[in-house]
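Remarks on the structure that follows.
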Amino acid sequence: MFRPADPGAPVDDDLLAVLSRDSVAAGPDLVATIRAAQDDVVSTELDRVLIVQGGPGTGKTMTALRRVAWLLDEGLLDDAETLVVGPSEAFARFTDDVLTGWGYDRVVHRAVGALLSRTPGVRDEAPHIARLKGESRMVGLLKRAYAQHQSRPAAEVPASIDVGGQTVKLDSMIVRRMIETAVASEAPIGDRRRILRATMAAASKDPRLVLEAADQLADRLWPRFEPARFLRELFGSRKLLAAAAGGEFTDREVASLYRHDDSDLWFDADLPLLDEVDHLTGLEVKGFLHVVVDEAQDLSPMQMRAIARRSRTGSITVVGDIAQSTGLWARDDWHDLEAELPAAIPHEHRELRFGYRIPRQIFDLAAELLPMAAPSVQAPTTVRDGNSEPVITPADVTTRGRLVATAAAEHADRGRSVAVVCPARCRAEVEAALDDEGLPWHPAGDDEPGGAGVALLAPHEAKGLEFDAAVVVEPGYILDDDSRGHRLLYIALTRATGFLHLIGAPEDLPVEYGAAAAPPAAAPLGPTPPGPAPTAAAPAAAGTSAPAGTSASEGSGASVAAEAGASTAGADALLAQREPVTWSPPPRPAEPELEPAVREAIDVVVRSLAETLLGSLTPELWPVALRRLEDLIAPEALP
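The numbering of the sequence shown is the numbering used here, which starts it at 190 and goes up by one.
As structure tokens, this is what we get:
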């Protein structure tokens, strides 16, 4: 029987520790409530598939790591038998640092790509093909292709085999019966080889000599299987692909899987397929007693299937946030991923309900996007007030870059980690403005600490990262430039643990600011003239800032607690419903009434354009291509 999680277990989050020590700021009842909710997840029984949904700032990563620590302390796991999988190498380094700091230094930490990769390099691929390869249908295709490969006629049985200068004579009739027994078992080729060896050795007076002969015979009958070669041959043959499709794939889908190049580099979506082929052949991968998968909301079913295979017992903890699911595998629930998780043990769903890393003032603004971004997801209850309201600054193209650089410098100069979240269509302008300001900045993926400069991120690159301050540029562009724009904007707005700036066209800011006049030549930063827009309070002295490139639950939180924790209210007041900020995207113009034949003709053209776009460009370039198309066919451009 499992006892409650030990309150003295490793502190899950240093911000929560600060709040627990500051009874004035948080109140002991509130901290106890948050801790009890996390402990309920931490102490879930080991023989479970545990799926944890947690919004921004709920501490889901640290809760998952505390679960690992608790299972180890209970003696239910050995740390060398535990695997933690994350979205990136930086994430893997972070989880390793945390658990090693707690004394668990043998836990294995891997990024998804590193866990599955066996090749020195991986190429990018057309999005619609990568999406197809990630679907669970690929399991059936690979099984059928492998069965066809196994059913190829075996080589003829020789009359004798030479082993180290000695001749081993073979009775072709007896050996043929042994081969038929091995084939009838429907075992993978590797197991067939073992069956043949065992049968021949049992019938011999010299097992050592016969075993060597059996190995040579097996090499002739069933050449050693190479998964990479098998998959390369499959994708390089329209005939093999069509035969393996089994009615589950359209002709167009089969054609999209075909590739004629012989490059040794694989596509990222091929890695789970190679892993699946290994599984079909009976090749065993290193297994673990427990596997943790974080940021799981963006995985493909084939990736999840490969990760789940690493758990020998089926015990897995899956952590993520459906409201932050974007990219090729943007999803609205966990159903398709859960279908790939072990079915032999119970599945449990838990939700982290309290958000304490992101201040209420910031999260209230972001939460207004949830009904459009993820209607099925309930916003966590935010339990911490910050000292600063979001700063909303209208801008036009003449002032936007300078305002962004000024806002970023305001925080970077105080030693805070800063993110500038910027859409592609104004990135060059923002880069130039940061350079003009003399402000060091770095792109996504750099390991520089947040205090050393400014991280300049595309909206999709900001996911999972945490900063003391965030400057979100042109929220309207973020909404319009992606089919999941509401989710990307929600992600962008929830990266800051202390300070948030929104800078963009007045009509794309929250509606109560949309009527603001065009910005002056030098719009002030911080408190604005009297009016409805919230203003920033004078920032407090900076403390230790969270490193850029860490997970949303990972930053140190000390500076955030020092700057914002003192204004945290008691439990009852914090759980009360607040007046929401209303945020609506600009309405689309109504479509004209069209005859059915005209609408059908339009659909044909649009589908053709969509297929060309999907097959030629990556998602971040689609808005650029669409705007270019609009420019080319604008009425004033027509002859």
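Glycine included, every Cβ here is placed at the ideal spot set by N, Cα and C.
All values reported here derive from a predicted model rather than from experimental measurement.
Just to check my reading of the structure: GLY687 and GLY575 have Cβ atoms closer than 8 Å, yes? What is that Cβ distance to the nearest angstrom? 6 Å
- For TRP259, the first and last residue of its enclosing alpha helix (DSSP H): 249-262
| With PRO569 and PHE543 assumed to form a contact (beta carbons below 8 Å), what rounded beta-carbon distance in angstroms separates them? | 6 Å
How is LYS358 classed by DSSP in three states: helix, strand or coil? strand
* Asked: Alpha carbon to alpha carbon, how far is GLU369 from TRP811?
  -> 55 Å
Could you give the DSSP three-state label for GLY275: helix, strand or coil? strand
Q.
Please state the DSSP three-state secondary structure of LEU678.
A. helix
Exercise. Give a yes or no on contact between the stretch 268-275 and the stretch 475-484, applying the rule of three or more CB pairs nearer than 8 Å.
Key: yes
Answer with buried or exposed for VAL660, where buried requires no fewer than 16 other C-beta atoms within 10 angstroms of its C-beta.
buried
Less than 8 Å separating the beta-carbons of ALA371 and ILE350? no
Paired residues, beta bridge with ALA608 - DSSP: ALA644 and ALA659
Subject >> Secondary structure of PHE414, DSSP reduced to three states >> reply: coil
Exposure label - ARG591; buried when at least 16 CB within 10 Å
buried
Leaving out the 5 sequence neighbours to the left and right, which residues in its chain are closer than 7 Å to ARG448 when beta-carbon positions are compared?
-> PHE424 and GLY425
Problem set entry | 8 Å contact criterion, which ILE511 and ASP522 should meet: CB distance rounded | 6 Å
- With a 10 Å radius around its C-beta and 16 neighbouring C-beta atoms as the bar for buried, classify LYS652 as buried or exposed. buried
Helix, strand or coil for SER349 per DSSP? strand
Sub-8 Å separation of CYS562 and ARG676 beta-carbons = Strictly speaking, residue 562 in this sequence is Ala, with Cys absent from that position. Yes. Within cutoff.
(request) Give the secondary structure of SER489 by DSSP, where H, G and I count as helix, E and B as strand, and everything else as coil. (result) coil
On the premise that GLY693 lies in contact with GLU663, defined as a C-beta separation below 8 Å, what is that separation, rounded to the nearest angstrom? 4 Å
### Reduced DSSP category for SER445 - H, G, I as helix; E, B as strand; rest coil
helix
Can you name the start and end residues of the beta strand (DSSP E) that ALA300 belongs to? 297-300
| task | Just mark GLY634 as buried or exposed, buried being the case when its beta carbon has 16 or more other beta carbons within 10 Å. | result | exposed
Exercise. Taking the alpha-carbon positions, what's the SER393 to VAL399 distance?
Worked result: 7 Å
Among the candidates ARG498, ARG816 and ALA432, whose CA atom is the shortest distance from the CA of LYS332?
ALA432
Have a look at GLU401, ALA279 and GLY471 and flag the residue whose alpha-carbon is nearest the alpha-carbon of GLY354.
GLU401
From SER797 to ALA315, what does the alpha carbon distance come to, in whole angstroms? 16 Å
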